[in-house]
């Protein structure tokens with residue numbers, strides 16, 4: 006394992022463990038399970054990361070296309086779980102017995118962890134697509150994924166669908182998806198959430214990508 010990959014894994018794991026520890030402290034201190042769902046949500050955010058890593062490594066080893074395509078499809082299904090955590094900010098409010106600054110840091114750290122896991126996984130998948138089809142198509146792929154995942158976040162937050170439902174009850178989920186695509190003007194809230202969230206994800210991913218590729222944060226040797 007390369008030093009760069011090890012450092013990335015360590016930082017992502019460290020941020021995840023920080024969130025889990027803060028949730029644990031909050032449960033003990035407050036005596037309630039508010040924000041306990043962050044534990045599960047953050048676990049789900051690791052799934053697309055693991056799938057992208059498997060697809061990326063498989064592609065570099067020259068694995069057969071069928072399992073790579075299957076892994077990529079699963080990655081796309083589970084990818085919205087990573088940015089979804091950002092919407093947990095809607096639960097941020099003053100709770101009895103708990104300072105709001107603590108909850109703000111907790112939710113912010115969880116959202117940051119989710120975005121980091123999602124963006125690293127998209128970075129890996131974009132690298133695969135770039136090798137196969139070129140840089141332009143790779144960027145079109147990345148923006149399409151961000152737009153689809155934004156709509157997926159809407160489906161999860163407001164219609165309460167999740168990635169497992171797309172596997173277990175695909176006809177129900179796809180029915181809601183088709184309704185929104187066929188007549189978007191009938192669902193202005195869905196359109197607004199999808200557009201704004203896509204813009205947010207695109208802007209933050211571009212910043213992440215530029216930092217990752219430019220070496221701007223590398224120390225200068227004198």
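Numbering (our numbering), first residue to last: 6 to 227. The C-beta atom is built at its ideal place from N, Cα and C for all residues, glycine as well.
Cβ-based burial, residue i [other Cβ within 10 Å; buried from 16]
i	result
residue 119	buried
residue 154	buried
residue 9	exposed
residue 7	exposed
residue 189	exposed
residue 1	With the chain covering only 6 through 227, there is no way to say anything about residue 1.
residue 221	Reliability of the predicted coordinates at residue 221 is poor, the pLDDT of 49 falling under 50, and no value is obtained from them.
residue 167	buried
residue 2	The first residue shown for the chain is 6 and the last is 227, placing residue 2 beyond what the model contains.
residue 80	buried
residue 218	exposed
residue 224	Bear in mind that a pLDDT of 42 at residue 224, under 50, signals an unreliable position, so the number given afterwards is only what the model happens to contain. Exposed is the call here.
residue 31	buried
residue 138	exposed
residue 211	exposed
residue 171	buried
Reference residue i, options the options, closest by Cα
i	options	result
residue 20	35, 77 and 110	110
residue 82	49, 65 and 163	49
residue 116	14, 90 and 170	90
residue 18	47, 185 and 32	47
residue 148	131, 164, 38 and 137	131
residue 114	163, 27, 15 and 211	27
residue 156	98, 84 and 143	84
residue 169	98, 178 and 162	178
residue 58	95, 104, 11 and 38	11
residue 77	197, 194, 196 and 146	146
residue 164	198, 143, 144 and 136	198
Beta-carbon proximity of residue i to residue j, cut-off 9 angstroms
i	j	result
residue 158	residue 92	yes
residue 108	residue 40	yes
residue 182	residue 160	yes
residue 202	residue 124	no
residue 56	residue 126	yes
residue 88	residue 206	yes
residue 192	residue 204	no
residue 35	residue 100	yes
residue 141	residue 61	no
residue 112	residue 129	no
residue 162	residue 95	yes
Expected contact under 8 angstroms - CB spacing of residue i and residue j to nearest Å
i	j	result
residue 64	residue 122	With a Cβ gap of about 20 angstroms, residue 64 and residue 122 do not count as contacting.
residue 52	residue 86	7 angstroms
Legend entry - Length-filtered (4 minimum) alpha helix (DSSP H) runs lying within the segment 152-221: 168-173, 175-187 and 193-219
Legend entry - Continuous alpha helix (DSSP H) assignments of at least 4 residues falling wholly in the segment 41-124: 42-66, 70-83 and 86-89
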